[in-house]
Structures are given as structure tokens and as C-alpha cells.
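Encoded as C-alpha cells, the structure appears first; notes follow it.
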Amino acid sequence: MSSELPASDIEAALQHAAADLERAFEHFTPVAMRGRVSKAVGMLINATGIQAHVGELCQLVTPGEPPLLAEVVGFVQQTALLTPLGRTTGVSALTEVIPSAHGHQCPAGAALLGRVLDALGEPIDGKGALDGVARVPVDNEPPDPLTRRLIREPLATGVRAIDGLLTLGEGQRVGIFAPPGVGKSTLLGMLARGASSDVNVVALVGERGREVREFIEYNLGPEGMARTVLVVSTSDRSPMERVRCAYTATAIAEHFRDQGRRVLLLVDSLTRLARAQREIGLASGEPPTRRSYPPSVFSMLPQLLERAGTGVQGSITAAYTVLTEGEDDSDPIAEEVRSILDGHIVLSRKLASAGQYPPVDVLQSVSRVMPQVAAGAHARDAARLRQLLARYQELELLLQIGEYRPGADPVADAAVAAMPDIRAYLAQPAARLDTFAGAVDKLAQALRVREPAPLAGAAQ
Numbered sequence: 007m008s009s010e011l012p013a014s015d016i017e018a019a020l021q022h023a024a025a026d027l028e029r030a031f032e033h034f035t036p037v038a039m040r041g042r043v044s045k046a047v048g049m050l051i052n053a054t055g056i057q058a059h060v061g062e063l064c065q066l067v068t069p070g071e072p073p074l075l076a077e078v079v080g081f082v083q084q085t086a087l088l089t090p091l092g093r094t095t096g097v098s099a100l101t102e103v104i105p106s107a108h109g110h111q112c113p114a115g116a117a118l119l120g121r122v123l124d125a126l127g128e129p130i131d132g133k134g135a136l137d138g139v140a141r142v143p144v145d146n147e148p149p150d151p152l153t154r155r156l157i158r159e160p161l162a163t164g165v166r167a168i169d170g171l172l173t174l175g176e177g178q179r180v181g182i183f184a185p186p187g188v189g190k191s192t193l194l195g196m197l198a199r200g201a202s203s204d205v206n207v208v209a210l211v212g213e214r215g216r217e218v219r220e221f222i223e224y225n226l227g228p229e230g231m232a233r234t235v236l237v238v239s240t241s242d243r244s245p246m247e248r249v250r251c252a253y254t255a256t257a258i259a260e261h262f263r264d265q266g267r268r269v270l271l272l273v274d275s276l277t278r279l280a281r282a283q284r285e286i287g288l289a290s291g292e293p294p295t296r297r298s299y300p301p302s303v304f305s306m307l308p309q310l311l312e313r314a315g316t317g318v319q320g321s322i323t324a325a326y327t328v329l330t331e332g333e334d335d336s337d338p339i340a341e342e343v344r345s346i347l348d349g350h351i352v353l354s355r356k357l358a359s360a361g362q363y364p365p366v367d368v369l370q371s372v373s374r375v376m377p378q379v380a381a382g383a384h385a386r387d388a389a390r391l392r393q394l395l396a397r398y399q400e401l402e403l404l405l406q407i408g409e410y411r412p413g414a415d416p417v418a419d420a421a422v423a424a425m426p427d428i429r430a431y432l433a434q435p436a437a438r439l440d441t442f443a444g445a446v447d448k449l450a451q452a453l454r455v456r457e458p459a460p461l462a463g464a465a466q
């Protein structure tokens with residue numbers, strides 16, 4: 007007799023076993039693989055016994071201490087290198103490391119408008135939790151260059167020196183290069199209040215704690231804050247938090263752009279962002295290069311900055327501040343940023359000392375997309391003003407010592423005659439924003455040259 011079961015019995019047995027497995031899985035609770043901290047020095051934590059990938063978030067759990075998030079930044083053989091998103095006080099050899107199986111994500115959506123968030127995207131303004139918001143990854147690829155729309159429309163900023171002479175386009179990325187204490191934060195506040203954008207996203211990276219409240223109250227004001235999302239990581243926060251502040255702000259801006267919005271992204275500052283990444287890179291064992299910046303800094307900058315700009319729909323017009331040490335600064339971060347962005351606005355300490363605010367050095371600044379967004383007469387007037395400024399700069403010493411004689415050079419005479427109106431055009435109170443059309447009209451008016459007044463001692 008054959009001992010084989012009928013095919014129908016085998017099929018029934020398999021179906022019964024499958025049903026048992028399905029019921030078992032309904033009550034199955036997965037347990038994440040847990041590792042241990044093997045070493046913690048400075049801002050770098052070594053962990054063993056976990057399976058994670060670079061960029062993944064892990065939770066560090068220490069008995070008697072609040073949980074701490076950390077991000078995987080590299081590996082040495084079987085040891086994971088993590089950088090904490092917070093203070094490492096309490097971390098010990100008893101600390102468990104639990105991978106999350108995902109990278110950093112942040113909230114995004116209209117509910118964020120008017121709110122102040124930390125580097126992780128959590129509200130810190132005391133206005134309650136964020137309800138009904140999507141969560142998006144903070145590490146995203148830049149848009150495909152062939153799907154980006156061309157920049158054709160100007161973006162009004164409310165600042166005459168920019169709208170008239172350094173016209174920005176919707177989707178342009180520009181750097182604001184400034185030494186400390188010349189009104190950089192004031193200019194950012196003017197941009198946030200005066201820009202013709204739908205949404206503003208502002209990242210304050212490594213700022214002093216005192217300046218955050220001042221920026222909200224004095225520079226933004228209720229008008230600017232109503233359509234702004236503010237992401238903050240002050241100078242006392244961990245290096246990874248300062249880096250993630252810029253990434254979180256960029257991800258929030260991308261979400262609004264994907265909805266078809268015109269977004270203005272302001273990041274202050276890229277210099278402090280690069281310094282934070284330098285701390286992480288050197289702690290992870292990267293070799294130092296120029297001014298001790300590791301290679302990861304110079305790979306991070308284009309990856310982050312290229313995420314702004316136009317997309318299939320919507321746009322992110324971005325302004326990134328860069329701290330400079332002098333008028334002729336050779337800082338590698340400043341050089342790298344200039345090579346990536348679509349223009350730069352230079353703020354001059356000399357002009358600030360002379361009382362011109364905002365102290366925009368027009369001759370040292372450039373908008374690479376202005377030819378595409380400025381009309382013919384507007385472009386000609388801007389070029390003419392630059393010509394007069396450059397000629398006046400050449401004559402300045404002669405004017406100071408009384409050696410200038412009118413009548414020999416018509417361009418020089420026009421520069422001297424127009425300079426009071428040009429200076430009045432470039433100077434603008436922070437509270438008095440201008441329309442784009444007003445800036446263009448006043449530019450033309452400033453170039454209506456009068457006859458130069460005769461100088462004392464000049465030949466009659």
C-alpha cells in the first residue's frame with residue numbers, strides 16, 4: 007500500500023499552516039536590533055552590534071536619562087560612527103543604540119506658517135503641537151536640470167538697490183557676503199517683509215540666542231512672520247543640529263514649491279553651517295584641507311544649494327549669507343559659494359560706516375539672471391548707474407584734494423552731478439519698502455543729470 011497522502015489532503019494541510027502563520031503574525035511584535043555604545047569622545051559616538059546605514063537616525067537610551075537622537079555618519083569596520091542631535095550628557099557604556107530604519111524627517115505644510123521650529127522641525131514657540139502636517143525627508147535630490155523651468159519673472163524684494171540694480175528672478179540663488187555688524191539681519195528682514203513671494207522659510211544657523219527673538223520682533227515683525235516658517239539652531243546646539251537646521255528649512259521650502267508656491271528661502275549663514283560640518287567631519291576622521299575644512303564640506307555645499315531654484319511647478323528663490331573677514335576675503339567657503347550660486351550681493355563696511363543702509367556695494371555685486379528678467383530701459387539705466395558709480399570712484403581722491411576740474415570729461419561731470427541722487431537712491435530706511443515699479447522709476451529719476459556745481463577755486 008502507498009503511504010503518500012492524497013493531493014487534496016496536502017493542499018488542505020498547507021492552507022491550514024498558512025492560516026496559523028497569518029494569525030501568529032497578527033500578534034507578532036518586531037523588536038529592533040539593539041547595540042551598545044562602545045566609545046564616546048567629544049561629538050562622536052561609536053556603537054557596535056547594530057545594522058544601520060549612513061544617514062539613519064538612531065535612538066540612544068540610557069537608564070535614568072531622556073532618549074537622545076543621533077545620526078549615523080560613517081563606519082569603521084563593524085563600528086558605526088554617530089553624531090548626536092543634542093547634548094551627550096549621560097551617555098555611558100550602558101547606553102543602548104536602537105536604529106530607526108529611516109533618516110531624518112520633518113513636518114511640512116501650511117500649518118507651519120507663523121511658527122518657530124528647532125532643527126528637527128519640532129515647535130519651540132509655545133503655541134502647541136503641529137496638527138495635520140505631512141512628514142517629509144530632509145535629504146532630497148535636486149530637481150532634474152532638464153525639468154527646471156527657465157527663470158523669466160523678476161522677484162520684487164522691496165529693496166531699491168536690489169530691485170533696480172541687481173534684479174533677482176524667481177528661482178534664483180544668490181549669496182549675501184558681509185562682514186559682521188553691517189546690517190545683514192536687517193536686510194534679511196527687509197527681504198522677508200518685502201518680497202513678492204507666497205511663503206518665506208528662514209533658517210538661522212548658529213546664531214546667538216539673543217538675536218533670534220530680536221530677528222522675530224524687530225526684523226520680521228507681525229507682517230513678515232505671518233507668512234514665514236522660522237527654523238532655528240543657536241550656536242550652543244550640537245554641530246549636527248546646526249547642519250540639520252539648513253536641511254530642514256530646505257525640505258520645508260521644497261514641499262511648498264512642489265505645491266506650486268513661490269518660496270523665498272533665507273539661510274543665515276552658510277559659514278556657520280560649514281563650520282558645523284567641519285566639526286563633524288574632523289571628528290569622524292576626515293583629513294583637513296584648506297583652513298582645516300574636510301572634503302565633506304565642499305561636497306555638502308553644492309548638494310544643498312542645488313536643491314533650491316525652479317521646479318516643474320513653483321520656485322524657491324534663495325538667499326544665503328556668507329560671513330567675510332574683510333573686503334578682499336579669500337575664505338574657501340566664500341569662494342566655493344560664489345562659484346555655485348547665480349549671483350552675489352556684497353555688503354560693505356565702508357559704506358555702512360558712511361551711513362548708507364543697506365550698504366550694498368553695487369560695483370562688487372552681480373545678478374547673473376538680471377539680463378533675463380530686466381526690461382530694456384531698466385537694464386540700460388542700471389548699466390548707466392554702474393558706469394557713473396565706477397567713474398566717480400576713480401575721481402574720489404581728486405575730489406577730496408580739490409584737484410578735479412569739470413569740463414574735461416562728460417562722463418565724469420555726469421557722475422559728479424548725479425552722485426547726490428544716486429546716494430539717495432541706494433540708501434533706504436528698513437521700515438520703508440518700495441515697490442518694484444517704484445524702484446525702477448526712481449532709478450531713472452536718479453540719472454536725470456544736472457549741470458555740476460562749480461567747485462571752489464575752479465577757473466571761471
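Take any residue in the sequence shown, count from 1 to its spot, add 6: that is its number in the numbering used here.
Here a beta-carbon is modelled for each residue, glycine too, at the ideal position from N, C-alpha and C.
First through last residue of the alpha helix (DSSP H) which encompasses residue 384
Start at 1 with the first residue of the sequence shown, and residue 384 comes out as number 378. Boundaries of the alpha helix (DSSP H) around residue 384: 382-407.
Roughly how many angstroms separate the alpha carbons of residue 40 and residue 55, rounded to a whole number?
Position 34 of the sequence shown, counted from the first residue, corresponds to residue 40. Position 49 of the sequence shown, counted from the first residue, corresponds to residue 55. Computed Cα separation, rounded: 7 angstroms.
For residue 413, the three-state DSSP class (helix, strand or coil):
Sequence index remark: in the sequence shown, residue 413 carries index 407 (1-based). Residue state, collapsed to three classes: coil.
Starting from residue 258 and walking both ways along the alpha helix (DSSP H), at which residues does that stretch end?
By 1-based counting over the sequence shown, the position of residue 258 is 252. The continuous alpha helix (DSSP H) containing residue 258 extends over residues 245-264.
Could you say if the segment 214-224 and the segment 281-296 meet the contact criterion of at least three C-beta pairs nearer than 8 angstroms?
The answer is no - the segment 281-296 does not touch the segment 214-224, with fewer than three Cβ pairs under 8 angstroms.
Whole runs of the alpha helix (DSSP H) within the segment 202-252, excluding any shorter than 4 residues:
Counting only runs of 4 or more residues that sit fully inside the segment 202-252, the alpha helix (DSSP H) segments are 215-220, 227-231, in chain order.
Put residue 78 into one of helix, strand or coil per three-state DSSP.
For the purposes of this step, residue 78 is taken as the residue at position 72 of the sequence shown. Looking at residue 78 - three-state DSSP - the assignment turns out to be strand.
Which of the three DSSP states is assigned to residue 157 in this structure?
Counted from its first residue, the sequence shown places residue 157 at position 151. Coil.
Please determine, among 296, 304, 115, the residue with the shortest C-alpha to C-alpha distance to residue 234.
Along the sequence shown, read from residue 1 onward, the residue named residue 234 stands at position 228. Checking every option, the nearest Cα to that of residue 234 belongs to 115.
Rounded C-alpha distance that separates residue 185 from residue 295
For the purposes of this step, residue 185 is taken as residue 179 along the sequence shown, with counting starting at 1. For the purposes of this step, residue 295 is taken as residue 289 along the sequence shown, with counting starting at 1. Distance between the alpha carbons of residue 185 and residue 295: 23 angstroms.
Chain-order list of residues whose beta-carbon lies under 7 angstroms from that of residue 348 (same chain, five-residue window excluded):
Within the sequence shown, residue 348 is the residue found at index 342, counting from 1. Excluding positions up to five away in sequence, the list reads 178, 179, 180, 374, 375.
Go to residue 277, then tell me how far its alpha helix (DSSP H) extends in each direction, as first and last residue.
Residue 277 sits at position 271 when you count from the first residue of the sequence shown. For residue 277, the uninterrupted alpha helix (DSSP H) run begins and ends at 276-289, by DSSP.
Cβ shell of residue 308 (< 7 angstroms), same chain only, five flanking positions each side left out:
Sequence index remark: in the sequence shown, residue 308 carries index 302 (1-based). Here the set comprises 346.
Could you please give me the residues that DSSP links to residue 199 through a beta bridge?
Position 193 of the sequence shown, counted from the start, is the residue given in the question as residue 199. Under the DSSP definition of a beta bridge, residue 199 lacks any partner.
Supposed close pair residue 273, residue 252 - CB separation, criterion 8 angstroms:
Translated into the one-based positions of the sequence shown, residue 273 becomes position 267. Translated into the one-based positions of the sequence shown, residue 252 becomes position 246. At roughly 6 angstroms, the Cβ-Cβ gap stays under 8 angstroms, so residue 273 and residue 252 are in contact.
Start-end ranges of the beta strand (DSSP E) lying completely within the segment 139-183, minimum 3 residues:
Here the runs fully enclosed are 140-143.
Could you pull the start and end residues of the beta strand (DSSP E) that residue 47 belongs to?
Against the sequence shown, residue 47 aligns to sequence position 41. 41-47 is the extent of the beta strand (DSSP E) around residue 47.
Where residue 422 and residue 152 are concerned, what is the direct C-alpha to C-alpha distance, given to the nearest angstrom?
Here residue 422 refers to the residue found at position 416 of the sequence shown. Here residue 152 refers to the residue found at position 146 of the sequence shown. Approximately 47 angstroms, taken between the alpha carbons.
Straight-line gap, residue 160 to residue 324 (C-alpha atoms, nearest Å)
In the sequence shown, the residue the question calls residue 160 occupies position 154. In the sequence shown, the residue the question calls residue 324 occupies position 318. Their Cα atoms are separated by approximately 13 angstroms.
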